[in-house]
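Taking it in order: structure first as structure tokens, then the write-up.
Residue numbers (our numbering): 5 to 406.
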């Protein structure tokens, strides 16, 4: 089943991709024309991923060049050109004064050295500012060129309803889409070839599964029917019907649907299981199925309710033994009112209800060995437990262990 399920998923994926290409082909000419226009625009723009921040930085510098020049010149003047208050001159005078005083206190010499270092740093700053001022671009045409390019970038971004920074990625995506659509015929041919190949493999696998199912369905029907006879449904029969599907209805499970049919009584036509069987019959048929497939099933826990409805005596004991056999490989929970069934369990849990004020409370009580014997006796003979029913209960439990 894993093989056919994988083939089916691949087949469906190819069909969906082929359908998408066919839909694209319907609008192909108009889409190609639009994509070519958009790609040409973006080709002409030739925007790189890191260009926008560089343009914005340059624009800020060019747009404020007059203020930059004025501010830079003012600082240069303050550093070295002011005849009375130049920073370099003030530092030199301060250093000279401390040098004269260091003869009285050597600690002032260290401070004088710091002022000397500061003077060197300030002088270097002035030199760099003059170099910056010499290189400052005041060309109005360059400012206009940068503004024009930024405007073009923002216009295209608005047209594509994206952020300007996303234009390079959009350019790549649209170019790829254009290439895909222009080569759609080649892609479609490849997909059709792949779909044909996987379809042949799928239907080959599906037909082999159908052949095996047909054989298995007959064996399952015979085995479940035999179990039904032992479970108090004499003359009943079970059928596993394979309903063929059209090729376009094929699924991950193959070329047919499986329906369980049951005839509960001799002479009655087989009908769908849920429409024929009562609750108790459903439980017993389910038990019959589980007994038959127990060696291959992967169900860890099974729950049976009303499996004992309408049966008693020998049939009830048979039901109990079959449940016990299932319990060897699975966890089986069974709700029962029959001692023959309860005695076969590995553990007995008493479920009882009692009123607490205006509320009814249900509780489940695991029974120890003596309590279990008494409960089995009560299930056999009613409220009053006699020596005979108690002995019968002990015997029933002993036989269940054999």
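The beta-carbon is built from N, C-alpha and C at its ideal position, and this holds for glycine as well.
Beta-carbon contacts of residue i that lie in its chain and below 7 Å, excluding the five residues immediately before and after
i: residue 304; result: 334 and 335
i: residue 322; result: 234 and 235
i: residue 213; result: 8 and 258
Beta-carbon contacts of residue i that lie in its chain and below 6 Å, excluding the five residues immediately before and after
i: residue 175; result: 46
i: residue 364; result: 357
i: residue 368; result: 353 and 355
Coarse secondary structure for residue i, derived from DSSP in three states
i: residue 387; result: coil
i: residue 352; result: coil
i: residue 250; result: coil
i: residue 79; result: helix
i: residue 258; result: strand
i: residue 96; result: helix
i: residue 272; result: coil
i: residue 89; result: coil
i: residue 265; result: strand
i: residue 243; result: strand
i: residue 298; result: coil
9 Å Cβ cutoff met for residue i and residue j
i: residue 199; j: residue 5; result: no
i: residue 52; j: residue 140; result: no
i: residue 340; j: residue 332; result: no
i: residue 119; j: residue 95; result: yes
i: residue 160; j: residue 49; result: yes
i: residue 277; j: residue 21; result: no
i: residue 78; j: residue 91; result: no
i: residue 259; j: residue 245; result: no
i: residue 147; j: residue 66; result: yes
i: residue 127; j: residue 84; result: yes
i: residue 257; j: residue 29; result: no
i: residue 344; j: residue 320; result: yes
i: residue 150; j: residue 62; result: yes
i: residue 110; j: residue 99; result: no
i: residue 188; j: residue 11; result: no
i: residue 180; j: residue 25; result: no
The alpha helix (DSSP H) enclosing residue i, as first and last residue numbers
i: residue 190; result: 188 to 234
i: residue 130; result: 111 to 139
i: residue 322; result: 317 to 330
i: residue 169; result: Counting along the chain, residue 169 falls outside any alpha helix (DSSP H), and DSSP gives it neither H nor E.
i: residue 41; result: 32 to 49
i: residue 63; result: 55 to 67
i: residue 280; result: 277 to 280
i: residue 345; result: 343 to 346
Within-9 Å CB hit, residue i to chain B
i: residue 138; result: Looking at the structure shown, chain B is missing, and only one protein chain is on hand.
Residue i, enclosing beta strand (DSSP E) - first and last residue
i: residue 309; result: 305 to 309
i: residue 367; result: 363 to 370
i: residue 411; result: Because the chain here runs from 5 to 406, residue 411 falls outside it and cannot be looked at.
i: residue 335; result: 335 to 339
Nearest to residue i (by Cα), restricted to the options the options
i: residue 315; options: 342, 297 and 386; result: 342
i: residue 407; options: 224, 74, 372 and 208; result: A query on residue 407 cannot be resolved here, the shown segment of the chain reaching from 5 to 406 and no further.
i: residue 274; options: 229, 197, 359 and 363; result: 229
i: residue 373; options: 110, 350 and 337; result: 350
i: residue 404; options: 366, 8 and 352; result: 352
i: residue 226; options: 376, 338, 64 and 289; result: 289
i: residue 39; options: 384, 178 and 106; result: 178
i: residue 169; options: 312, 193 and 54; result: 54
i: residue 262; options: 280, 270, 338 and 220; result: 220
i: residue 250; options: 207, 383, 217 and 279; result: 207
i: residue 327; options: 307, 121 and 106; result: 307
i: residue 56; options: 154, 237 and 396; result: 154
i: residue 270; options: 291, 232, 222 and 41; result: 232
Same chain only: Cβ atoms within 8 Å of residue i, ignoring 5 sequence neighbours per side
i: residue 329; result: 295 and 298
i: residue 171; result: 46, 49, 51, 157, 160, 161 and 164
i: residue 210; result: 8, 254, 258 and 259
i: residue 401; result: 347, 376, 377 and 380
Cβ-heavy atom distance, residue i to the ligand ADP, below 8 Å
i: residue 370; result: The ligand ADP is absent from the structure shown, which contains no ligands of any kind.
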